[in-house]
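Below is one structure, written out as structure tokens; comments come after it.
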Amino acid sequence: MFWNEHAPPHFHALYGEHEALIDIKKLEVLRGSLPRRALNLALDWAELHQQALLEDWALCEQLQQPKPIKPLA
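First residue of the sequence shown? That's 1 in the numbering used here, and the numbers climb one at a time after it.
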């Protein structure tokens, strides 16, 4: 997530040379791509932490530091 990002609320998922922008509310890829396994892990993580991601999005819109979110265990 970056400050002053454009809507809709999303995060950037990176895997090697791949990058995808993932919609937080719909849990779908807006742009880019990831290998299937990496995408499934990113979507699983986002579903588990959807509320925290939305809270971090709101912080970023206010130019505040987002809070850390735990990775998948």
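By construction, the Cβ of each residue, glycine as well, lies at the ideal position given by its N, Cα and C atoms.
Given the structure is predicted, the values throughout are model-derived calculations rather than measurements.
Using only alpha-carbon positions, find the residue among Q64, I69, R37, A73 that is nearest to E5. Position 5 of the sequence shown holds residue 5. The option with the nearest alpha carbon to E5 is Q64.
Would D44 be called buried (16 or more neighbouring beta carbons within 10 Å of its own) or exposed? For this step, residue 44 is matched to residue 44 along the sequence shown. The residue in question, D44, is exposed, as its Cβ has fewer than 16 Cβ neighbours within 10 Å.
Which of the three DSSP states is assigned to E47 in this structure? Stepping through the sequence shown from its first residue, residue 47 is reached at position 47. Helix, per DSSP.
Backbone CA spacing between A42 and E61 [nearest angstrom]: The sequence position of residue 42 within the sequence shown is 42, counting from 1. The sequence position of residue 61 within the sequence shown is 61, counting from 1. Whole-angstrom Cα-Cα distance: 22 Å.
Determine the extent of the beta strand (DSSP E) in which A20 is found, giving its start and end residues. Residue numbering aside, residue 20 sits at position 20 when the sequence shown is read from its first letter. First-last of the beta strand (DSSP E) with A20: 18-23.
Residues of its chain near L72, where Cβ-Cβ distance is below 8 Å and the 5 sequence neighbours each way are ignored: Stepping through the sequence shown from its first residue, residue 72 is reached at position 72. L41, D44, W45, L48, listed in sequence order.
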